[in-house]
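A.B. asks: Residue numbers (our numbering), protein chains in the order written: chain Z, 1 to 482; chain U, 1001 to 1482.
Number of protein chains: 2
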Amino acid sequence: MAEQASPERITPRSEDYSRWYHDVIRQGKLAEPAEVVKGCMVIRPHGYAIWEKIQRALDDMFKATGHQNAYFPLLIPESFIKKEAEHVEGFSPELAVVTHAGGKKLEEPYVVRPTSETIIGHFFSRWIESWRDLPMLINQWANVIRWELRTRMFLRTSEFLWQEGHTAHATHEESMEEARRMLDVYAIFAEEWMAMPVIRGVKTQSEKFAGALQSFCIEAMMQDGKALQAGTSHDLGQNFGRAFDVTFQNKAGETEYVWQTSWGVSTRLIGALIMTHSDDSGLVLPPRLAPVQVVIIPILRKGIDETPVKDAGEALRKSLEAEGISTVFDQRDYKPGYKYFEWEQKGVPIRIEIGPRDLEAQQVMIKERTGSDKVAWSLEDLAVRLKQRLGEMQDAMLEAARKRMAENTLYVDSYDAFKEAMTDKNPFIYAHWDGSAETEAKVKEETQATIRCIPLNAADDPGMCMVTGRPSAQRVLFARNY
Amino acid sequence: MAEQASPERITPRSEDYSRWYHDVIRQGKLAEPAEVVKGCMVIRPHGYAIWEKIQRALDDMFKATGHQNAYFPLLIPESFIKKEAEHVEGFSPELAVVTHAGGKKLEEPYVVRPTSETIIGHFFSRWIESWRDLPMLINQWANVIRWELRTRMFLRTSEFLWQEGHTAHATHEESMEEARRMLDVYAIFAEEWMAMPVIRGVKTQSEKFAGALQSFCIEAMMQDGKALQAGTSHDLGQNFGRAFDVTFQNKAGETEYVWQTSWGVSTRLIGALIMTHSDDSGLVLPPRLAPVQVVIIPILRKGIDETPVKDAGEALRKSLEAEGISTVFDQRDYKPGYKYFEWEQKGVPIRIEIGPRDLEAQQVMIKERTGSDKVAWSLEDLAVRLKQRLGEMQDAMLEAARKRMAENTLYVDSYDAFKEAMTDKNPFIYAHWDGSAETEAKVKEETQATIRCIPLNAADDPGMCMVTGRPSAQRVLFARNY
Chain Z
1 MAEQASPERI TPRSEDYSRW YHDVIRQGKL AEPAEVVKGC MVIRPHGYAI WEKIQRALDD
61 MFKATGHQNA YFPLLIPESF IKKEAEHVEG FSPELAVVTH AGGKKLEEPY VVRPTSETII
121 GHFFSRWIES WRDLPMLINQ WANVIRWELR TRMFLRTSEF LWQEGHTAHA THEESMEEAR
181 RMLDVYAIFA EEWMAMPVIR GVKTQSEKFA GALQSFCIEA MMQDGKALQA GTSHDLGQNF
241 GRAFDVTFQN KAGETEYVWQ TSWGVSTRLI GALIMTHSDD SGLVLPPRLA PVQVVIIPIL
301 RKGIDETPVK DAGEALRKSL EAEGISTVFD QRDYKPGYKY FEWEQKGVPI RIEIGPRDLE
361 AQQVMIKERT GSDKVAWSLE DLAVRLKQRL GEMQDAMLEA ARKRMAENTL YVDSYDAFKE
421 AMTDKNPFIY AHWDGSAETE AKVKEETQAT IRCIPLNAAD DPGMCMVTGR PSAQRVLFAR
481 NY
Chain U
1001 MAEQASPERI TPRSEDYSRW YHDVIRQGKL AEPAEVVKGC MVIRPHGYAI WEKIQRALDD
1061 MFKATGHQNA YFPLLIPESF IKKEAEHVEG FSPELAVVTH AGGKKLEEPY VVRPTSETII
1121 GHFFSRWIES WRDLPMLINQ WANVIRWELR TRMFLRTSEF LWQEGHTAHA THEESMEEAR
1181 RMLDVYAIFA EEWMAMPVIR GVKTQSEKFA GALQSFCIEA MMQDGKALQA GTSHDLGQNF
1241 GRAFDVTFQN KAGETEYVWQ TSWGVSTRLI GALIMTHSDD SGLVLPPRLA PVQVVIIPIL
1301 RKGIDETPVK DAGEALRKSL EAEGISTVFD QRDYKPGYKY FEWEQKGVPI RIEIGPRDLE
1361 AQQVMIKERT GSDKVAWSLE DLAVRLKQRL GEMQDAMLEA ARKRMAENTL YVDSYDAFKE
1421 AMTDKNPFIY AHWDGSAETE AKVKEETQAT IRCIPLNAAD DPGMCMVTGR PSAQRVLFAR
1481 NY
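Structure below.
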């Protein structure tokens, strides 16, 4: 058996949360900084496999809600970006620009898409003629570039992978319905697949998408209490319709601008996943998104016949796969302890150890990723019971995340209490706000907390702004954020 | 029922083959030229759905052969491209260059990846240390840009979607095995999924990938007789290993450069699909790659109760889906004839018509996309029989394509006969060649035919070059090409 380099240490969260995050990514072999390409990263196979699981689940949900995938050009004429006033203001500072191609200087530069409202608006104007062509429900899986000054793997990188939905409707009512529907799809995905509870809400005007009338979002709480915006859905109104002349003939024969939405989630979700569940031993994955759900490790000693264990391991792997459990039987030439460590850091939910003595007893040893003890389980009906256990683990992770969010959420009425609560901690705080950008900016400057959203479906709870005492219709969610 | 614009005409192949190709794409709603982005196209939902089916099938085959997906940066430092001498010479004229980002001029420009050997080589050098890390088997699904002067939708566009496999091995023998294995994967995919027979072979030195020792390819025959390179697999030797210092410690403890391969297929396959099977009525799709395999069209007349037909149509759709057949029950408010036309142009393999009289007789009318007559089929066991029929249609399409290729393939021994055969026609010609670049260039200049490949697994058949009379070990494949 060969010598192995000793695995590197993961910095504990209590010591340095930011280093812990990067250590989990490195040791889980999820990604690494590209370095030679500023602000970009390489998504390694284990990270990309999680992204593929996210994609598959979301894509199914998009198709079930009537959307079709398409693909639009990566490069967008610079003039397109300038057609919608707020849009250009919001995105100009972040653009990567292609000025030369095919050995020549281009007459008009292209920007690398930071998002595709403009180029898709252009094509919608060619495809949409009458109310019969509506709604147009398109989604695109793509890479985008936003040249960020401060980057952090998965959370904010200059290039990232995402999906962007773009839809056009005959009425504002319908487009609003769509924007809300897709927000709900994201929230359901976050809870049911990522085991990550989220708050659904509306962004303030200062935090909305550049070019939208209104932006909806889902906000999740990370383990350090900070908020992470995990998905957004925008009511674009007729802004891009006017900018790109996307009109249709309504049933009465009149020409109108379409009402549009756009919505997206990105590889940022992997960052959210890490910071919701992982621990000081490395990655922890909810079973539904784990590329490998169970790993089987043979326990072999020198001088014994390895065949029975290998045969049993392979038979077990097949029976788990038949039950729909993604399973690896790790027969590599490494010591068991090394394998335990590696798979633990990769977040595999369940480890099975199988050796000659286990076989005699018709059992295996089970170690759950976040469980403290190994437990003997009978081989009988093992696949079915493991499948059930994986479901229970998924539910327990959501429950634990919900509990953490509840415990770290406060309702505060005075600004002094707010500042006090924000000292040395990062709670979610529901407080009253007078609706002004000034108050929002003041709180941000003084506490680094921002209004994450104006929650949807909030109970009727009028009050007075904690800062100015002016009237407020409902509490809004304040938090520090990523 | 509303008025519809009459669908546009598809130019017959005999009239103008190139216009026919573009008409099929337009009428099938597969794609359209982007125009505002030079040489680029938009892949519309029906075209993208075909790409998704291609992706899914190939991705499964890649994973079954041990490959993992990953994602590398879109932007590549310009200096990277220059590290491999042949590579830079081959790709320089086609590069799109990002010179500005985040509002500033970049110190070193980035090129938008035309292919990723260089950036992946850089990361391989960080990831690979010992023979234990080999083979490294990576695949990437991505967009690339090659600024082409003359473009044609799907076949050659400035931006296209593809997969690029990149692998590193301990020995040349292993990397050659990999290159051949992936060529076989492509050939099997082409035949079993696309119903498109291909010739496997080696490129001549003048046609090989810039930076490879040797390029393997699959070549298919389009309906006009021209060849289309449908996939390539490259033996990169140690060229990129040396350029990016990708070394490993072998079992003897010595440091060696790795042996690499790369291999790719692209959205060009959709062009190949169109030109292999489609006809003057529009797109024809092999059932295994058809996003919609069966469309059910209700035949309703005014004044009758529509419920029984709608219920029967929906029940039928469900029974077909349960059998694994992708089915659309088209209840849109259009006349049946309009729907027939539209689905025909979209290449749906089987159309089912169901009306009140059919229901009485417990039957439906079946029209196959390339069949001339409607035939009544009993409702009994319909799903099972349709599934079988789709399989037969798939086989028949491959058979027809094979027959066409055989009928249009010649064995020629004299250059006069070769030129004669190339007059007004585009056959595949197997002829002897002396192995020189001069002869290859002369034939190309005089006949526009190129050596598509030196076929693999060719029977032992030495002879004399048809042009120079010099000795030749085997016949090579000449054809005009896309």
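Where is the CB? At the ideal position from N, CA and C, for every residue including glycine.
Assign residue 372 of chain Z to buried or exposed, taking buried as 16 or more other Cβ atoms, counted over all protein chains shown, within 10 Å of its Cβ.
C.D. replies: So residue 372 of chain Z ends up on the exposed side.
A.B. asks: Check the Cβ of residue 292 of chain Z against every Cβ in chain U and list those closer than 7 Å, keeping chain order.
C.D. replies: What residue 292 of chain Z touches in chain U: nothing, since even the nearest Cβ is about 12 Å away.
A.B. asks: Going by DSSP in three states, residue 1209 of chain U sits in which element: helix, strand or coil?
C.D. replies: Residue 1209 of chain U: coil per DSSP, three-state reduction.
A.B. asks: Mind checking which residues open and close the beta strand (DSSP E) that includes residue 1143 of chain U?
C.D. replies: Where residue 1143 of chain U is concerned, the enclosing beta strand (DSSP E) stretches over 1136-1145.
A.B. asks: For residue 1096 of chain U, I'd like the list of residues in its chain whose CB is within less than 6 Å of its CB, leaving aside the five on either flank, ordered along the chain.
C.D. replies: So the list reads 1112, 1145 and 1147, once near-sequence residues are dropped.
A.B. asks: Within its chain, find whatever has a CB closer than 7 Å to the CB of residue 1203 of chain U; leave out the 5 residues flanking it on each side and keep chain order.
C.D. replies: Within the same chain, residue 1203 of chain U has close Cβ partners 1215, 1217 and 1453.
A.B. asks: Can you round the beta-carbon distance between residue 1276 of chain U and residue 1179 of chain U to whole angstroms, since I take them to be within the 8 Å contact cut?
C.D. replies: Wrong, their Cβ atoms sit about 25 Å apart, outside the cutoff.
A.B. asks: Taking C-beta pairs closer than 9 Å, name the residues in chain Z that residue 1103 of chain U reaches, listed in chain order.
C.D. replies: Here the neighbours are 92, 93, 94, 95 and 147.
A.B. asks: My output table needs one value for residue 1406 of chain U: the three-state DSSP class, helix, strand or coil.
C.D. replies: The answer is helix: DSSP assigns residue 1406 of chain U an H, G or I state.
A.B. asks: At the 8 Å Cβ level, is residue 297 of chain Z part of the contact set with chain U, yes or no?
C.D. replies: Output row for residue 297 of chain Z: interface = no.
A.B. asks: Tell me the residue span of the beta strand (DSSP E) that contains residue 194 of chain Z.
C.D. replies: No beta strand (DSSP E) holds residue 194 of chain Z; DSSP gives it neither H nor E.
A.B. asks: Quick one: is residue 1233 of chain U buried, meaning 16 or more other Cβ sit within 10 Å of its Cβ, or exposed?
C.D. replies: Its Cβ being crowded by 16 or more others within 10 Å, residue 1233 of chain U is buried.
A.B. asks: In terms of DSSP beta bridges, what is residue 1051 of chain U paired with?
C.D. replies: Looking at the DSSP assignment, residue 1051 of chain U forms no beta bridge with any residue, so it has no partner.
A.B. asks: Once the 5 residues before and after residue 79 of chain Z are set aside, which same chain residues still bring their CB inside 6 Å of it?
C.D. replies: No residues qualify anywhere along the chain.
A.B. asks: If we define contact as Cβ-Cβ less than 8 Å, is residue 12 of chain Z a contact residue for chain U?
C.D. replies: For residue 12 of chain Z, the answer is no, since every Cβ of chain U falls outside 8 Å of its Cβ.
A.B. asks: Which value, in whole angstroms, describes the spacing of the CA atoms of residue 1017 of chain U and residue 1281 of chain U?
C.D. replies: Going from the Cα of residue 1017 of chain U to the Cα of residue 1281 of chain U covers about 13 Å.
A.B. asks: Kindly confirm or deny that the segment 1425-1440 of chain U and the segment 1458-1477 of chain U touch, where touching means at least three C-beta pairs closer than 8 Å.
C.D. replies: In short, these stretches touch, since the Cβ pair count reaches three.
A.B. asks: Taking 8 Å as the threshold (beta carbon to beta carbon), is residue 255 of chain Z in contact with chain U?
C.D. replies: For residue 255 of chain Z, the answer is no, since every Cβ of chain U falls outside 8 Å of its Cβ.
A.B. asks: Which residue from Z:446, Z:207, Z:302 and Z:473 puts its Cα closest to that of residue 457 of chain Z?
C.D. replies: Comparing Cα positions, the closest option is Z:473.
A.B. asks: DSSP three-state call for residue 4 of chain Z: helix, strand or coil?
C.D. replies: Note that residue 4 of chain Z scores 39 on pLDDT, short of 50, meaning its location in the model is unreliable; the coordinates nonetheless yield the value given after this. Residue 4 of chain Z: coil per DSSP, three-state reduction.
A.B. asks: Can the beta-carbon of residue 1211 of chain U be found less than 8 Å from the beta-carbon of residue 1265 of chain U?
C.D. replies: The answer is no: Cβ separation not under 8 Å.
A.B. asks: At a Cβ threshold of 8 Å, is residue 1150 of chain U touching chain Z?
C.D. replies: No - not a single Cβ of chain Z is within 8 Å of the one on residue 1150 of chain U.
A.B. asks: Does the Cβ-Cβ distance between residue 256 of chain Z and residue 247 of chain Z come in under 8 Å?
C.D. replies: It is a contact, given that the beta carbons lie within the stated cut-off.
A.B. asks: Taking 6 Å as the limit between beta carbons, can you name the residues of its chain near residue 1003 of chain U, skipping five residues before and five after?
C.D. replies: Note on residue 1003 of chain U: pLDDT 36, under 50, position unreliable in the model; no value is reported.
A.B. asks: Taking all protein chains shown into account, do 16 or more other C-beta atoms lie within 10 angstroms of the C-beta of residue 394 of chain Z, making it buried, or fewer, making it exposed?
C.D. replies: Residue 394 of chain Z is buried by the Cβ-count criterion.
A.B. asks: To the nearest angstrom, how far is the alpha carbon of residue 328 of chain Z from that of residue 318 of chain Z?
C.D. replies: Cα-Cα distance, rounded: 10 Å.
A.B. asks: Tell me whether the segment 1129-1146 of chain U and the segment 1050-1068 of chain U touch, counting them as touching only if at least three CB pairs, one residue from each stretch, are closer than 8 Å.
C.D. replies: With the cut-off at 8 Å, the segment 1129-1146 of chain U and the segment 1050-1068 of chain U touch.
A.B. asks: For a contact meaning CB atoms closer than 8 Å, what does residue 161 of chain Z contact in chain U?
C.D. replies: Under the 8 Å cutoff, chain U gives 1071.
A.B. asks: Is there at least one Cβ from chain Z nearer than 8 Å to residue 1420 of chain U's Cβ?
C.D. replies: It does not; no Cβ of chain Z falls within 8 Å.
A.B. asks: With 16 as the cutoff for other CB atoms within 10 Å, does residue 1411 of chain U come out buried or exposed?
C.D. replies: By the 10 Å Cβ count, residue 1411 of chain U comes out exposed.
A.B. asks: Of all the alpha helix (DSSP H) runs that stay within the bounds of the segment 337-368 of chain Z, which reach a length of 4 or more residues?
C.D. replies: Listed in chain order, the complete alpha helix (DSSP H) runs (minimum 4 residues) inside the segment 337-368 of chain Z are 356-360.
A.B. asks: In angstroms with no decimal places, state the Cα-to-Cα distance between residue 1427 of chain U and residue 1449 of chain U.
C.D. replies: C-alpha separation (whole angstroms): 10 Å.
A.B. asks: What first and last residue would you give for the beta strand (DSSP E) that runs through residue 1115 of chain U?
C.D. replies: Premise fails: residue 1115 of chain U is in no beta strand (DSSP E) and is neither H nor E.
A.B. asks: Please list the terminal residues of the continuous alpha helix (DSSP H) segment that includes residue 95 of chain Z.
C.D. replies: Premise fails: residue 95 of chain Z is in no alpha helix (DSSP H) and is neither H nor E.
A.B. asks: Taking the C-alpha atoms as reference points, what is the distance between residue 1462 of chain U and residue 1476 of chain U?
C.D. replies: For residue 1462 of chain U and residue 1476 of chain U, the distance between alpha carbons rounds to 11 Å.
A.B. asks: Determine which residues share a DSSP beta bridge with residue 1465 of chain U and list them.
C.D. replies: Residue 1465 of chain U is not bridged to any residue.
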